[in-house]
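Trainee: Can you keep this structure in mind? I'll have questions shortly.
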Amino acid sequence: MINGELIRRKRKELKMSQGELAEGITSQGMISQIETCSSIPSGETLEKIVTRLNLSFAETIQIKEYVDPDEIIQDVNLRLIHQQFESAQKILKKITTDTYLTEQQQLWYDFVQAFIFAHQGGTQSDMIFTYNCFLQGDQEKLGILLPLVFSELGIEYLYANKAGPAQYYIDAAQDAFKEYSPRKYQYAALQVWSNASYFYLVTKQYKKAIKFARSGIELAQQALIYGPVDKLYSNLAFALAGKNGKWNSDSIRALYVAYIFSDRINDQAVRQVVSDALNQQGITIFD
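Numbering (numbering that gives the first Met the number 0), first residue to last: 0 to 286.
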């Protein structure tokens with residue numbers, strides 16, 4: 000592919016009009032089409048153009064990087080597991096309008112864009128609307144995205160203080176995920192379980208909160224994933240304290256582990272919550 004923008008920029012640097020560049024080589028209209036990448040000239044014509052602009056073939060020919068959507072999906076999912084949202088978004092930009100995506104890949108792309116937006120400051124109303132849009136079509140086509148959409152929608156309703164819809168979607172996420180292997184879909188499992196443990200903690204369903212937090216921690220340990228572990232340990236700590244009606248050695252230990260992981264991945268929100276809880280138990284954290 001010809002770098003039409005480079006040709007245009009170099010022509011302007013030389014204070015040359017399109018007609019002047021075209022003179023004796025081709026038409027002014029062809030130069031315009033080359034600069035907008037809407038036409039490709041013959042090798043002989045291009046050679047004359049780049050020679051007049053004091054450029055080389057190597058500079059004007061762009062070799063397009065091949066983008067494998069499956070590799071992008073795998074890489075982005077791994078970064079999302081570790082809550083590396085900025086780097087995930089950077090990799091996601093490799094997918095352009097020229098990249099061919101299957102229907103399932105396109106759904107995944109749209110979901111991840113919405114997910115990153117949600118974790119980088121999206122409003123609750125925006126996210127509830129966006130996630131609901133995913134559910135308007137054929138839900139079977141969503142595949143593994145279905146439990147993720149249910150899970151994220153449940154959390155957004157929880158944040159919006161709508162306990163009924165939140166309960167419905169969090170439970171629906173668990174049902175939808177039953178047909179999938181957590182080992183194969185680690186990203187989905189950790190996200191669904193992390194959200195479930197938090198929801199059940201907030202709604203004081205402590206046994207369920209403990210169950211999902213421990214399931215997530217076990218999977219994360221087996222897969223050597225540290226992304227959401229701080230949230231899972233934090234949920235576990237508060238759920239254990241809630242279930243027992245007091246803080247004991249097990250819940251305080253989980254709280255301390257949550258602090259260690261939150262400090263490692265620089266998760267300021269979890270770090271602050273667990274630090275305050277540790278301080279209330281007489282355990283001072285020194286930075």
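Think of the CB as a built atom: it goes at the ideal place given N, C-alpha and C, for glycine as much as any other residue.
Is DSSP giving I251 helix, strand or coil here?
Mentor: Helix at I251.
Trainee: Hey, quick one: how far does the alpha helix (DSSP H) through D69 stretch, first residue to last?
Mentor: It spans 68-80 - the alpha helix (DSSP H) in which D69 sits, taken as one unbroken run.
Trainee: Can you give, in chain order, each stretch of the alpha helix (DSSP H) that sits fully within the segment 18-63 and has at least 4 residues?
Mentor: Taking only runs of at least 4 residues, the alpha helix (DSSP H) segments lying wholly in the segment 18-63 are 27-34, 42-51, 56-59.
Trainee: Mind checking whether L5 and R51 have CB atoms under 8 angstroms apart?
Mentor: Against a cut-off of 8 angstroms, the Cβ pair of R51 and L5 comes out as no contact.
Trainee: Given this structure, state the Cα-to-Cα distance separating A212 from A195, to the nearest angstrom.
Mentor: Whole-angstrom Cα-Cα distance: 8 angstroms.
Trainee: Taking all protein chains shown into account, do 16 or more other C-beta atoms lie within 10 angstroms of the C-beta of L223, making it buried, or fewer, making it exposed?
Mentor: L223 comes out exposed.
Trainee: Classify G42 as buried or exposed, calling it buried when 16 or more other Cβ atoms lie within 10 Å of its own Cβ.
Mentor: Looking at its Cβ environment, which holds fewer than 16 other Cβ atoms inside 10 Å, G42 is exposed.
Trainee: Taking the alpha-carbon of M106 as reference, which of R263, K230, G142 has the nearest alpha-carbon?
Mentor: According to the sequence provided, residue 106 is Leu. The question's Met does not apply to it. Of R263, K230, G142, the residue nearest in Cα terms is G142.
Trainee: Ignore the nearest five residues each way along the sequence and tell me which others in A171's own chain have a CB closer than 6 angstroms to its CB.
Mentor: Same-chain partners within the cutoff: F149.
Trainee: Tell me the residue span of the alpha helix (DSSP H) that contains D170.
Mentor: D170 -> alpha helix (DSSP H) spans 162-176.
Trainee: Given this structure, state the Cα-to-Cα distance separating I24 from P40, to the nearest angstrom.
Mentor: Rounded to the nearest angstrom, the two C-alpha atoms are 11 angstroms apart.
Trainee: Kindly indicate which residue of I90, P68, G3 has the alpha-carbon position closest to the one of F56.
Mentor: When only C-alpha atoms are compared, the closest one is G3.
Trainee: Report yes or no: do three or more beta-carbon pairs, one from the segment 81-93 and one from the segment 234-242, lie closer than 8 angstroms?
Mentor: The answer is no - the segment 234-242 does not touch the segment 81-93, with fewer than three Cβ pairs under 8 angstroms.
Trainee: For the alpha helix (DSSP H) containing L13, list its first residue and its last residue.
Mentor: Element bounds for L13: n/a, residue is neither H nor E.
Trainee: Are A175 and L145 closer than 8 angstroms when you measure CB to CB?
Mentor: Result yes, Cβ atoms of A175 and L145 sit closer than 8 angstroms.
Trainee: Once you ignore the five residues that flank V228 on each side, which residues in its own chain have a CB closer than 6 angstroms to its CB?
Mentor: Around V228: A219, F260.
Trainee: With 16 as the cutoff for other CB atoms within 10 Å, does A113 come out buried or exposed?
Mentor: So A113 ends up on the buried side.
Trainee: Using the three-state DSSP reduction, which class does I1 fall into: helix, strand or coil?
Mentor: Strand, per DSSP.
Trainee: Need the endpoints of the alpha helix (DSSP H) that E85 sits in, please.
Mentor: Start and end: 84-91.
Trainee: Cβ of R213 less than 8 angstroms from any chain C Cβ?
Mentor: Among the chains in the structure shown there is no chain C, since it carries only a single protein chain.
Trainee: If you draw a straight line from the C-alpha of Y53 to the C-alpha of D97, how long is it?
Mentor: What sits at residue 53 in the sequence shown is Asn, not Tyr. Near 30 angstroms, if we compare the C-alpha coordinates of D97 and N53.
Trainee: In angstroms, rounded to a whole number, what distance separates the CA positions of K245 and V191?
Mentor: The alpha-carbon atoms of K245 and V191 are separated by roughly 27 angstroms.
Trainee: To the nearest angstrom, report how far apart E34 and P68 are at their CA atoms.
Mentor: In a straight line, the C-alpha of E34 is about 29 angstroms away from that of P68.
Trainee: Please report the distance separating the alpha-carbon of I48 from that of C36.
Mentor: So the two alpha carbons sit approximately 15 angstroms from each other.
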